[in-house]
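Engineer: Just passing along the structure, written as C-alpha cells.
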Amino acid sequence: MSPSTAAAPLLQVRNLRVEFPTRRGTLVAVDDVSFDVAPGEVLGVVGESGAGKSLTGAAIIGLLEPPGRIAGGQVILEGQRIDDLPYEQMRKIRGARIGAIFQDPLTSLNPLYSVGRQLVETIQTHLPLSAFDARARAVGLLKEVGIPGAETRVDHYPHQFSGGMRQRVVIALALCANPRLIIADEPTTALDVSIQAQIIALLKGLCREHGTAVVLVTHDMGVIAETADRVAVMYAGRLAEIGPVRDVVKNARHPYTRGLMGSIPSIGGHAERLTQIDGAMPRLTAIPSGCAFNPRCPQAGVRCSIERPDLMRAGPSRAACWLYDSAGVGAPAAREAARG
Amino acid sequence: MADAVTTTSGPLVRLKGLKRYFDVSPPLLARVIERKPRAIVQAVDGIDIEIARGETFSLVGESGCGKSTVARLVVGLYGPTEGSVEFDGMDMQERRSAAEMSVIRRRMQMIFQDPFASLNPRWRVFDIIAEPIRAFGLANSTDEIRDRVNELLAQVRLTAADGSKYPHEFSGGQRQRISIARALASKPEFLVCDEPTSALDVSVQAQILNLMMDLQREFGLTYLFISHNLAVVYHISTRVGVMYLGRLVEVADTQSLFRRPRHPYTRMLLDTIPDLEMTGRQRAPVAGEVPSPINPPSGCAFHPRCPHANERCKVERPNLSSLDGGSVACHAVEEGRLPMEERTYAAG
C-alpha cells in the first residue's frame, strides 16, 4: 500500500513537548515536534543519542516514564486525541490500535511464560476469541513471522530462542490485534547485520500486507534508507528536517543532516577523510538559543543564534533552517551579516 | 622510537595456528550426577595472520565469531591454547624476565569498545593518561610527565585543562579520545582496537576514525582493527580478514575483498549491509543464524547456511588457500564451482 497524500493521516503529532522536571530546572527533551503519518506509511525517525527520538515514540504510545511528561501539544490517532486519555483507556488502545516493538527482545518478553501464553494473553485482551482460537491465532502469527516449527515452538520459553527469533516473537506480539500503527524503537540495534536484514525485510513485508503504518525510530540511517517512505531527522529534541527518504538521504537540506550523511562511511567511496561535524550535540541543560545547531553549523549567521527557525519548505522536504526562509531575509542576509 | 629496539624486516605481528578454547562445562558435580558432558567453546580455532608494519588489518564477523578473542590473544590478555603470537619476530609465549616483557608490552597497546567501562571513574584524566608513562618509566620528572600528558591531550584534540577532570564529565566520543591518548602514552608501534567506534554515534564515529587515521600517518602506527561494521572496515583498512565461528574464511586487501568477494559468507555479509545507496531496494535476506561454537557444524562451519554447499563441504573442513593475492577457505571456490562476482558501488 503506498501512502497517498489524499488519505486522512492516521497519526497526527502536533507541537509535541516532553519535559523532565528536575531539581536543577525543567529539561525539555522533545520541543515542538509536529508530523503526520499516513495509513500504511513507514516514517523513519533518526537522530543521535539524546536527540529525543525514543521519547517521541514513547510519548505517542503514552509510555513516558515519570517524571517525564507531555507538557504540550497533541497526539491524534485516527481523529481521536489520545495524549490526554486516562490510563485505563490508553491501555485499551495500546496493543489494539498501536503496537510496539522495542530494542531488546529479551527484556520485552516475560521470561517466566512461554511465548504462546504471552501471545494468547495479548490476543484475548484485545480480541473476543476463545482460548482455542487464540492459540490457533498465536501459532498462525508465529508462522507468519517465519518461526520454523511454530506448533512446537509456541510452548517454548523466550530463553530458548535466539536473538533474531525473539525479535520475531516480539513482532508477532505487536501484530496480535492487527493494529493500524506500530512504534518500532530501534528494533534491529541488538542484532547482527545478517539477522538485521531478515528482521527488516519481515517487518516491511508484514506491514505492507496488513497495511500497518510504522514509526521506525533508529540511529541507523542505512536501515531507514531502505525501509522508510519518509524520514524525520531530530536534533536536540527538535525536528531538523522531514521529507521523502530519497531526498533526505541524497539531497539533504539542513546543514546538520548533510553533516550526518557525510559522516556515514560508505563502501565504494574514495573519500580519504569522513566529513565530520565538530563538537557534540548540546546537553539538554544547555541548548543554545536560536537554532540549536548554530554553534556547530558551518553556515550559521547572526540570525541563527537569535531566532529559532520553524520548518520551512526546502524542495520536496521541509527543513528548520534559515537558509530556506522564503521571505528572503534568511541565510544569505545572515551570511553577509556574519561576513561584515 | 625512544628505546633501541631490534627491528626485523618481517611482519610486525604474526599469528601461527592460534587457538583458544574456553571450558564452559557445568560444575564437576553436575557432570557426575546429571551426566552432562564437558562443553568446550572453540572461540578461536586455528588462525594464521601476518600484519605488516604500518598497515591496518581488520577482522570482521558477526557476534560470537571470535574476533575479540583474537584481539585479546594478541595483546596477551589471554594465553593461547595452541599456536603462537609473534611480535616483531619474538615469540610472546617464550619465558622472559619481567623487564624484557615490559619492553615488548610497551610497544603494543589496546583501545576497547566501551569508553565508559575502560576508564577508571575515580581517576582524573591526567592520571589515566600518565599511568603508562609512569609504569614504563618513560619520564623522569613530574614536569616531564605533565608536558607529555598535555602533548598527548593535544594530539587527540583535547585541551590541557581537560586533564584535571574526571571521565564522567566527558561524552562518549571524548572518552574514546582519552582512551586513545592513554594508548599512545607509551609510544607504541602497534594498537589493537576492539570495536573502538561501535558505542558511538555516527558523527562522533567519523571524528574518531579521522583522528585514528591522522595518528597512524603521524606516528607510523600499525593497527589491528576489530569491527562488525563493514563500512567502517572498508574505510579504515588496508587488508581485511573475515571470521566465521573461530576461523578465517577469507583474507584479502580491502579493495579486492569488497569488489571481488570470494567466500560465500563474505558475499552474504556484503549483501546484508544496509547502505544509503540502496534506498528502496530490497536486500536479499539470508536464512539461518550463526551456529553455536560449542557444537560447530562438521566440515565447513558455514555449510548449513551456504547455498553452494555439497557433500564434500559437510565432511571435509576447507583450509585457507591463496588465490590472486588473497586467500579463501572454500571448497566451491577451489573447485571452481563458484563463479567470480564483480561488485560495483556507487562512488560515495
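Sequences listed follow chains A and B, in order. The numbering used here applies: residue 6 is where the first sequence begins, and numbers increase by one. The numbering used here applies: residue 511 is where the second sequence begins, and numbers increase by one. We put the CB at the ideal spot given by N, CA and C, even for glycine. Predicted, not measured: the structure shown is a model, and the values here were computed from it.
#1: Of all the options B:ASP834, B:GLU654 and B:THR707, which has the alpha carbon lying nearest to the alpha carbon of B:SER766?
#2: Along chain B, in chain order, which residues have C-beta atoms closer than 7 angstroms to that of A:ALA324?
#3: Looking only at its chain, what residues have a beta carbon closer than 6 angstroms to the beta carbon of A:VAL80, apart from the 5 residues adjacent to it on each side?
#4: For a cutoff of 8 angstroms on Cβ pairs, would you count B:THR789 as touching chain A?
#5: Do you know how far the Cα of B:SER713 is from the Cα of A:LEU265?
#6: Do you know how far the Cα of A:ALA241 is from the Cα of A:VAL38?
#7: B:LEU522 by DSSP, collapsed to three states: which one?
#8: Skipping 5 residues on each side, what residues in its chain have a beta carbon closer than 7 angstroms to that of B:ASP624?
#9: Where does A:LEU352 sit, in a helix, a strand or coil, going by DSSP?
#10: Taking 8 angstroms as the CB-CB limit, is A:LEU4 close to chain B?
#11: Label A:ALA230 either buried or exposed according to how many other C-beta atoms from any shown protein chain fall within 10 Å of its C-beta, with 16 as the threshold for buried.
#12: How many Å lie between B:PRO537 and A:GLU126 at the Cα?
#13: Can you give, in chain order, each stretch of the beta strand (DSSP E) that sits fully within the region 235 to 316 of chain A and has at least 3 residues?
#14: Do A:GLY216 and A:PRO2 come within 8 angstroms of each other at the CB atom, strictly closer than that value?
#15: Would A:LYS58 be called buried (16 or more neighbouring beta carbons within 10 Å of its own) or exposed?
#16: Per DSSP, which residues does B:MET600 bridge with? Please list them.
#17: DSSP three-state call for B:SER831: helix, strand or coil?
#18: Spell out a yes or no on whether the region 734 to 754 of chain B and the region 289 to 297 of chain A are touching, meaning 3 or more CB-CB pairs, one atom from each, closer than 8 angstroms.
#19: Pairs of beta-carbons, one from the region 727 to 737 of chain B and one from the region 698 to 705 of chain B, closer than 8 angstroms: are there three or more?
#20: For B:TYR744, which of helix, strand or coil comes out of DSSP?
#21: Which runs of the beta strand (DSSP E) spanning at least 3 residues fall entirely within the region 716 to 743 of chain B, listed in chain order?
#22: For chain A, check one thing: does any of its Cβ atoms lie closer than 8 angstroms to the Cβ of B:ILE543?
#23: Is any beta-carbon of chain A found at less than 8 angstroms from that of B:GLY683?
#24: Among residues of its own chain, excluding the 5 on either side of A:ARG340, which ones have a beta-carbon nearer than 8 angstroms to its beta-carbon?
#25: What is the DSSP secondary structure of A:ASN20, counted as helix, strand or coil?
#26: Work out the CA separation of B:SER802 and B:GLU845 for me, nearest whole Å.
#27: What does B:HIS745 touch in chain A if you count any residue whose Cβ is under 9 angstroms from its own?
#28: Rounded to a whole number of angstroms, what is the C-alpha to C-alpha distance between A:GLU46 and A:CYS296?
#29: Would B:GLU799 pass as an interface residue toward chain E - the criterion being a Cβ-Cβ separation below 8 angstroms?
#30: Under 8 angstroms between C-beta atoms, does B:GLY858 make it to chain A?
#31: Give a yes or no on whether 8 angstroms exceeds the smallest Cβ distance from A:GLU231 to chain B.
#32: Alpha carbon to alpha carbon, how far is A:GLN201 from B:PHE768? Give it in angstroms, no decimals.
#33: Among residues of its own chain, excluding the 5 on either side of B:ALA553, which ones have a beta-carbon nearer than 8 angstroms to its beta-carbon?
#34: Can you list, in chain order, the residues of its chain with a C-beta nearer than 7 angstroms to that of A:PRO314? Leave out the 5 residues immediately preceding and following it.
#35: So, is B:LEU528 buried or exposed, given that buried needs 16 or more other C-beta atoms within 10 angstroms?
#36: Hey, how far is the Cα of A:GLU24 from the Cα of A:LEU82?
Structural biologist: Result, derived from the coordinates:
#1: For the purposes of this step, residue 766 of chain B is identified with residue 256 of the second sequence, where counting begins at 1. Measuring from the Cα of B:SER766, the nearest candidate turns out to be B:ASP834.
#2: Translated into the one-based positions of the first sequence, residue 324 of chain A becomes position 319. What A:ALA324 touches in chain B: nothing, since even the nearest Cβ is about 18 angstroms away.
#3: Reading the first sequence from its first residue, position 75 is the one you call residue 80 of chain A. Cβ within range, chain order: VAL18, ILE65, ILE87 and ASP88.
#4: One-based indexing of the second sequence puts residue 789 of chain B at position 279. Per-residue confidence for B:THR789 stands at a pLDDT of 48, beneath the threshold of 50, marking its modelled position as unreliable; no derived number is given.
#5: For the purposes of this step, residue 265 of chain A is taken as the residue at position 260 of the first sequence. For the purposes of this step, residue 713 of chain B is taken as the residue at position 203 of the second sequence. Straight-line Cα distance between these residues: approximately 6 angstroms.
#6: Position 33 of the first sequence, counting from 1, holds the residue named residue 38 of chain A. Position 236 of the first sequence, counting from 1, holds the residue named residue 241 of chain A. Cα to Cα, the separation comes out at about 11 angstroms.
#7: Reading the second sequence from its first residue, position 12 is the one you call residue 522 of chain B. Looking at B:LEU522 - three-state DSSP - the assignment turns out to be coil, as it is neither helix nor strand.
#8: As a first step, residue 624 of chain B is located in the second sequence; it is residue number 114 there, counting from the start. Excluding positions up to five away in sequence, the list reads ALA709.
#9: Here chain A covers residues 6 to 345 and nothing more, so residue 352 of chain A does not appear.
#10: Here chain A has residues from 6 to 345 only, and residue 4 of chain A is not among them.
#11: By one-based count along the first sequence, residue 230 of chain A stands at place 225. Buried.
#12: For this step, residue 537 of chain B is matched to residue 27 along the second sequence. For this step, residue 126 of chain A is matched to residue 121 along the first sequence. Spanning the two alpha carbons is a distance of roughly 38 angstroms.
#13: 235 to 240 and 243 to 249
#14: Summary: the structure shown does not reach residue 2 of chain A, with chain A confined to residues 6 through 345, and so no result is reported for it.
#15: Here residue 58 of chain A is taken as the residue at index 53 of the first sequence, counted from 1. Classification of A:LYS58: buried, given that the 10 Å Cβ count is 16 or more.
#16: For the purposes of this step, residue 600 of chain B is taken as residue 90 along the second sequence, with counting starting at 1. B:MET600 pairs with B:PHE597.
#17: Translated into the one-based positions of the second sequence, residue 831 of chain B becomes position 321. Strand.
#18: no
#19: Yes: the two stretches touch, three or more of their Cβ pairs being nearer than 8 angstroms.
#20: Numbered from its first residue, the second sequence carries residue 744 of chain B at position 234. Helix, per DSSP.
#21: 732 to 737
#22: For the purposes of this step, residue 543 of chain B is taken as residue 33 along the second sequence, with counting starting at 1. No - not a single Cβ of chain A is within 8 angstroms of the one on B:ILE543.
#23: Along the second sequence, read from residue 1 onward, the residue named residue 683 of chain B stands at position 173. Residue contact check for B:GLY683 against chain A: a CB pair falls below 8 angstroms.
#24: Residue 340 of chain A sits at position 335 when you count from the first residue of the first sequence. Note that A:ARG340 scores a pLDDT of 46, beneath 50, so its modelled location is shaky and nothing firm can be said.
#25: Looking up residue 20 of chain A in the first sequence gives position 15. It is a strand residue.
#26: Stepping through the second sequence from its first residue, residue 845 of chain B is reached at position 335. Stepping through the second sequence from its first residue, residue 802 of chain B is reached at position 292. Going from the Cα of B:GLU845 to the Cα of B:SER802 covers about 28 angstroms.
#27: Within the second sequence, the letter at position 235 stands for residue 745 of chain B. Correct list: PRO270, SER271, ILE272, GLY274, ALA276 and LEU279.
#28: Counted from its first residue, the first sequence places residue 46 of chain A at position 41. Counted from its first residue, the first sequence places residue 296 of chain A at position 291. Rounded to the nearest angstrom, the two C-alpha atoms are 29 angstroms apart.
#29: Of the protein chains in this structure, namely A and B, none is chain E.
#30: As a position in the second sequence, residue 858 of chain B is number 348, starting the count at 1. Because the pLDDT at B:GLY858 is just 42, under 50, the model does not fix this residue reliably, and the value given afterwards should be weighed accordingly. For B:GLY858, the closest Cβ of chain A is nearer than 8 angstroms.
#31: In the first sequence, counting from the first residue as 1, residue 231 of chain A sits at position 226. Yes - at least one Cβ of chain B is within 8 angstroms of the one on A:GLU231.
#32: The residue labelled residue 768 of chain B in the question sits at position 258 within the second sequence. The residue labelled residue 201 of chain A in the question sits at position 196 within the first sequence. If I take the Cα positions, the gap works out to 20 angstroms.
#33: In the second sequence, counting from the first residue as 1, residue 553 of chain B sits at position 43. For B:ALA553, same chain residues with a beta-carbon under 8 angstroms away, outside a window of 5 residues either side, are ARG530, TYR531, PHE532, GLY576, THR579, GLY756 and PRO803 in chain order.
#34: As a working mapping, residue 314 of chain A is identified with position 309 in the first sequence. If the five residues before and after A:PRO314 are omitted, its C-beta is found closer than 7 angstroms to the C-beta atoms of CYS296, ALA325, CYS326 and TRP327, all from its own chain and listed in chain order.
#35: Within the second sequence, residue 528 of chain B is the residue found at index 18, counting from 1. The residue in question, B:LEU528, is buried, as its Cβ has 16 or more Cβ neighbours within 10 Å.
#36: Looking up residue 24 of chain A in the first sequence gives position 19. Looking up residue 82 of chain A in the first sequence gives position 77. A:GLU24 and A:LEU82 have their C-alpha atoms roughly 22 angstroms apart.
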